[in-house]
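Enquirer: I am attaching a structure below and will ask some questions about it afterwards.
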Amino acid sequence: MRHSRTHKMFIYLSPSSLCCILRAVLSHLLPYSLAQIIEIIQCRMCHIQFPRQKCSRGRGLCIAVKEEACTTGRIFKYDGTLWLTFRGCLKNCANVNNIKWSVYLVNFRCCRSHDLCNEDI
Numbered sequence: 217m218r219h220s221r222t223h224k225m226f227i228y229l230s231p232s233s234l235c236c237i238l239r240a241v242l243s244h245l246l247p248y249s250l251a252q253i254i255e256i257i258q259c260r261m262c263h264i265q266f267p268r269q270k271c272s273r274g275r276g277l278c279i280a281v282k283e284e285a286c287t288t289g290r291i292f293k294y295d296g297t298l299w300l301t302f303r304g305c306l307k308n309c310a311n312v313n314n315i316k317w318s319v320y321l322v323n324f325r326c327c328r329s330h331d332l333c334n335e336d337i
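Residue numbers (this note's numbering): 217 to 337.
Written out as structure tokens, the structure is:
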């Protein structure tokens with residue numbers, strides 16, 4: 217009786233090679249990354265901040281989901297003096313200037329570029 221021998225062959229893959237192969241395989245199985253599916257971003261939140269002061273109400277973080285963005289709103293007096301700043305998450309956000317609100321003008325800035333992006337705008 218003849219015995220057949222099986223030869224096992226081992227291939228060594230570096231971690232970076234293995235990562236590339238897994239990424240290629242998973243991209244066919246899952247066409248979207250988890251971050252693309254969830255599309256969330258962290259935003260700085262503050263309901264009331266007066267000029268040259270720390271946040272006095274509503275300080276924290278919020279999570280902007282798919283159709284939301286981080287926002288910074290600034291309320292100015294008609295003479296152009298900054299009166300109040302607020303930050304948070306806003307659905308269907310749009311960058312706008314000089315919205316009239318009673319005796320004030322309001323500006324909105326929106327971003328989704330990175331976590332806490334509304335600290336910079």
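We treat Cβ as the ideally placed atom computed from N, Cα and C, and that holds for glycine. These numbers come from a predicted model, not from an experiment.
Do residue 283 and residue 162 count as a contact pair if the criterion is CB distance below 8 Å?
Expert: Residue 162 falls outside the range modelled here, since the chain spans only 217 to 337, and no answer is possible.
Enquirer: Can you check which of these residues, 281, 294 and 270, is closest to residue 327 by C-alpha distance?
Expert: Of the candidates 281, 294 and 270, the one whose C-alpha sits nearest the C-alpha of residue 327 is 281.
Enquirer: If you drop the 5 nearest sequence neighbours on each side, which residues of the same chain put their C-beta closer than 6 Å to that of residue 312?
Expert: Excluding sequence neighbours, residue 312 sits near 324.
Enquirer: Does residue 378 pass the burial test, meaning 16 or more other C-beta atoms within 10 Å, or should it be called exposed?
Expert: Given a span of 217 to 337 for the chain in the structure shown, any question on residue 378 remains unanswerable.
Enquirer: Might you give, ordered along the chain, the residues of its own chain that have their beta carbon closer than 6 Å to the beta carbon of residue 214, omitting 5 neighbours on each side?
Expert: One cannot answer for residue 214 here, as it falls past the ends of the chain, which runs 217 to 337.
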